[in-house]
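Visitor:
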Amino acid sequence: MGCLSFGSISEVVGWSFFDIQLANALIGIGTSVAVPIVTMVGREIGYEQGKIASYVSLINAFHVIADIPSSLVADCVDLRRLMSFSVFAQAAGCMPVVLLGCTSTSLAAFCVINGFSTGAFFLARHIYVARRLNPDHCGMVMAFLSGLLRLAHMLGPIFLGVIASLWGDTRYFFFVPMGASLLAWCCIQFSPYCLRVGRNAPQGRADATTATQLEEAKKLDEGSVGGETVPILPGDSLIKGPVLEEGLTRRVVSYGAVNTLNTDNAHSNVESVVSEVGIACSHECCSLQIEGSKGGTAPATYCSVIMDQWNVIWRLGIYVILFVALRANRKLLLTFAAMRMGFTDVQLSFLLSLSFSFDAFLFPLGGILLDNCSRRFARLPAVLGLGIAFLLLPLQHSGQWLYVMAAVFGVVDALGCGLIMTLVADYRHQYFGGLFFGIMRTVQDMGHVISSAAVSLMIHRFDFAICSNFWGVLGIFAAVWGWYGVPNPTR
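So in the UniProt record's numbering, the last one in the sequence shown is 491, and the numbering has no gaps at all.
1) Let me know the secondary structure DSSP gives Asp308 once reduced to three states.
2) Do Gly416 and Ile476 have their C-beta atoms closer together than 7 Å?
3) Have a look at Ala23 and Ile68 and give me their C-alpha separation to the nearest angstrom.
4) With a 10 Å radius around its C-beta and 16 neighbouring C-beta atoms as the bar for buried, classify Ser237 as buried or exposed.
5) Quick one: grab the DSSP three-state call for Tyr47.
6) Rounded to whole angstroms, what is the Cα-Cα separation between residue 495 and Ala34?
7) Mind checking which residues open and close the alpha helix (DSSP H) that includes Arg81?
8) CB-CB under 8 Å to Thr335, same chain, minus the five flanking residues each way: which ones, in chain order?
9) Taking all protein chains shown into account, decide if Ile59 is buried (16 or more other Cβ within 10 angstroms of its Cβ) or exposed.
10) Does the contact criterion of 3 or more C-beta pairs under 8 Å hold for the segment 374-394 versus the segment 477-486?
11) Taking the alpha carbon of Phe356 as the reference point, which residue from Ala465, Met140, Ala180, Lys331 has its own alpha carbon closest?
12) CB Val97 to CB Phe174, shorter than 7 Å?
13) Is Leu393 buried or exposed, if buried means 16 or more other CB atoms sit within 10 Å of its CB?
14) Between the Cα of Val112 and the Cα atoms of Met95, Met446, Tyr55, which residue gives the shortest distance?
15) Return the CA-CA distance between Thr39 and Ile52, expressed in angstroms with no decimal places.
16) Do three or more CB pairs link the segment 117-128 to the segment 61-79 at distances below 8 Å?
17) Hey, quick one: how far does the alpha helix (DSSP H) through Arg132 stretch, first residue to last?
18) Helix, strand or coil: how does DSSP classify Phe175 here?
19) Within a Cβ cutoff of 7 Å, which residues of the same chain sit near Gly399, ignoring the five residues on either side of it in sequence?
20) By how many angstroms is the C-alpha of His397 removed from the C-alpha of Pro135?
21) Could you give the distance in angstroms between the alpha-carbon of Ala152 and the alpha-carbon of Ala184?
22) Do Asn329 and Val473 count as a contact pair if the criterion is CB distance below 7 Å?
23) Under 7 Å, do Phe71 and Leu435 count as touching if we go by C-beta distance?
24) Spatial neighbours of Thr118 within its chain, please: C-beta separation below 7 Å, excluding the five flanking residues on both sides.
25) May I ask which residues mark the beginning and end of the alpha helix (DSSP H) holding Asp371?
26) Would you tell me roughly how many angstroms separate the C-alpha atoms of Leu365 and Thr103, rounded to the nearest one?
27) May I ask which residues mark the beginning and end of the alpha helix (DSSP H) holding Pro487?
28) Specify the secondary structure class of Asp445 as computed by DSSP and reduced to three states.
29) Taking Cβ positions only, does Thr344 come closer than 7 Å to chain D?
30) Would you decide whether Gln49 is buried or exposed? Buried here means 16 or more other CB atoms lie within 10 Å of its CB.
31) Could you please give the first and the last residue of the uninterrupted alpha helix (DSSP H) stretch that includes residue 579?
32) Using alpha carbons as the reference points, say which of Pro177, Arg461, Leu148, Leu362 lies closest to Asp19.
33) Hey, Ala143 and Phe363: beta-carbon distance below 7 Å or not?
34) Give the straight-line distance between the Cα atoms of Pro487 and Phe323, rounded to the nearest whole angstrom.
35) Roughly how many angstroms separate the alpha carbons of Phe116 and Ala425, rounded to a whole number?
36) What's the gap between the Cα of Leu233 and the Cα of Ser374?
Put into structure tokens, the structure is as follows:
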């Protein structure tokens with residue numbers, strides 16, 4: 001097939017995801033300037049660093065809080081509407097500061113709304129793209145989602161600098177996230193009418209189909225093979241939707257646990273799949289409930305699903321936490337290494353910009369690796385490369401060596417671009433899939449918190465070299481765990 005097939009390129013740049021890719025980049029611009037804006041506004045009000053940090057933590061806290069509620073909502077509503085509401089809410093969160101001025105109340109409102117709305121958007125766009133894409137090109141699409149977000153994080157501060165140089169009033173700084181959010185809202189809201197995207201798209205759990213198709217689907221429960229697969233629906237004969245269109249059989253599993261379906265309960269599992277999974281209709285905005293669906297899901301049902309698939313959640317979750325922690329500490333340990341060598345602020349900024357420019361422009365490498373290698377192998381290069389880079393970082397005490405290591409970190413991180421999103425998206429066809437996305441997103445956010453706390457604890461008690469070597473060994477362990485510990489989903 002080659003490293004970059006025509007199918008993967010058309011999947012990335014085609015109309016199917018054009019509006020979501022563009023909205024993702026625009027929201028990335030707004031997200032990248034949130035913390036700098038809060039810092040500058042807090043300094044103008046007269047807050048100390050500790051209080052400014054408290055406002056910044058509000059953004060991160062509500063970003064995490066939004067994960068699980070958004071995943072529950074994603075199983076019940078139109079995903080495009082959820083994304084549209086999220087980006088509009090982010091724009092609305094800027095209005096209190098613009099209209100009322102920079103006060104403690106308006107700044108707190110901005111932090112809360114910004115954190116919750118961005119958390120809901122990023123989760124909804126992940127689920128939406130995962131349900132629509134071709135599995136053969138999943139890695140490249142997810143790599144572009146992550147890569148464009150990284151490029152947006154480079155552009156956001158530039159726009160903020162332009163606004164700051166033109167107008168000194170800090171209220172105008174909020175025009176950057178507000179304008180980006182409104183443009184993203186327009187992309188999501190009007191693109192189905194302009195680009196004809198959204199047809200046959202899975203709009204969430206509550207899409208509609210005809211009664212005849214539903215009855216035919218419910219009758220296809222005979223002939224389970226080996227207690228693992230059951231006939232569901234022919235790919236092109238009944239329902240035009242990625243949820244149920246990949247062939248005549250579908251392994252009925254929950255969040256990746258295999259061998260859970262027995263022949264004794266094959267009928268009930270097929271009933272569950274037909275009634276609970278969103279089935280796309282031919283109407284763009286149709287969000288009627290499937291006949292036979294219960295209209296909602298009790299919390300006890302979700303808890304039972306989590307308990308049933310806990311084995312997959314914790315095994316994949318450990319790898320996600322390790323990978324996120326290694327990534328997060330790359331910036332921190334490079335900064336500590338530069339401080340040890342007496343780098344100035346300008347030199348430090350150039351060092352970090354150099355490092356992040358590599359993975360910002362080489363992000364397609366991650367997609368190529370994911371689409372052309374097995375998932376088991378694709379889990380190795382990024383964590384193993386980061387581990388080796390951490391081990392090499394304290395070996396030389398020179399500026400040239402630090403610039404080389406900054407480039408190495410950037411190239412290695414590019415190999416993992418889109419990796420976590422792809423690993424989670426591999427379970428997109430499963431029972432109550434939205435909840436799984438929310439759980440794994442929460443686990444991913446926990447990795448940032450755990451890594452920051454761990455480095456803060458270690459750097460006060462141990463030497464920099466010991467701290468760097470610890471993360472190097474942890475990277476090697478993450479590679480071993482990714483090879484042996486993470487379950488391989490059925491594609």
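All C-beta atoms in this analysis are idealised placements derived from N, C-alpha and C, irrespective of residue type, glycine included.
Guide: Taking the geometry as given:
1) DSSP places Asp308 in helix when its eight states are reduced to three.
2) Going by C-beta atoms, Gly416 is not nearer than 7 Å to Ile476.
3) Distance between the alpha carbons of Ala23 and Ile68: 22 Å.
4) Only weak support exists for where Ser237 lies, its pLDDT of 34 falling under 50; the value from the coordinates is given anyway. It counts as exposed.
5) The answer is coil: DSSP assigns Tyr47 none of H, G, I, E or B.
6) Because the chain here runs from 1 to 491, residue 495 falls outside it and cannot be looked at.
7) Taken as a continuous stretch (DSSP letters only), the alpha helix (DSSP H) holding Arg81 covers 79-100.
8) Excluding positions up to five away in sequence, the list reads Leu348, Leu352.
9) Per the 10 Å Cβ criterion, buried.
10) With the cut-off at 8 Å, the segment 374-394 and the segment 477-486 touch.
11) Per the Cα distances, Lys331.
12) In this structure, Phe174 lies closer than 7 Å to Val97 by Cβ.
13) By the 10 Å Cβ count, Leu393 comes out buried.
14) The candidate whose alpha carbon is nearest that of Val112 is Tyr55.
15) Using only the alpha carbons, I get a separation of about 6 Å.
16) Yes: the two stretches touch, three or more of their Cβ pairs being nearer than 8 Å.
17) Note, Arg132: alpha helix (DSSP H), 104-132.
18) Annotated three-state conformation of Phe175 is helix, per DSSP.
19) The answer, listed in chain order, is Met341.
20) When only Cα atoms are considered, Pro135 and His397 end up about 46 Å apart.
21) Each residue's Cα considered, the two are about 13 Å apart.
22) Not closer than 7 Å, so no.
23) Note that residue 71 is Ser in the sequence shown here, rather than Phe. For Ser71 and Leu435, yes; Cβs fall inside 7 Å.
24) Within the same chain, Thr118 has close Cβ partners Ile27, Thr31, His63, Gln90.
25) 364-372 is the span of the alpha helix (DSSP H), which, as asked, contains Asp371.
26) Going by the C-alpha atoms only, they are around 45 Å apart.
27) No alpha helix (DSSP H) contains Pro487, which DSSP labels as neither H nor E.
28) Correct three-state label for Asp445: helix.
29) Absent from the structure: chain D. Only one protein chain is present.
30) Exposed: under 16 other Cβ atoms inside 10 Å.
31) Because the chain is modelled from 1 through 491, residue 579 falls outside the range shown and cannot be assessed.
32) Comparing C-alpha distances from Asp19 to each of Pro177, Arg461, Leu148, Leu362 shows the shortest one belongs to Leu148.
33) Their beta carbons are under 7 Å apart, which means Ala143 touches Phe363 by this criterion.
34) A direct Cα-Cα distance of roughly 16 Å separates Pro487 from Phe323.
35) Between the C-alpha atoms of Phe116 and Ala425 there is a straight-line separation of about 22 Å.
36) Because the pLDDT of Leu233 is 33, which lies under 50, any placement of that residue in the model is unreliable, and the number read from its coordinates should be weighed accordingly. Roughly 27 Å between the two C-alpha positions.
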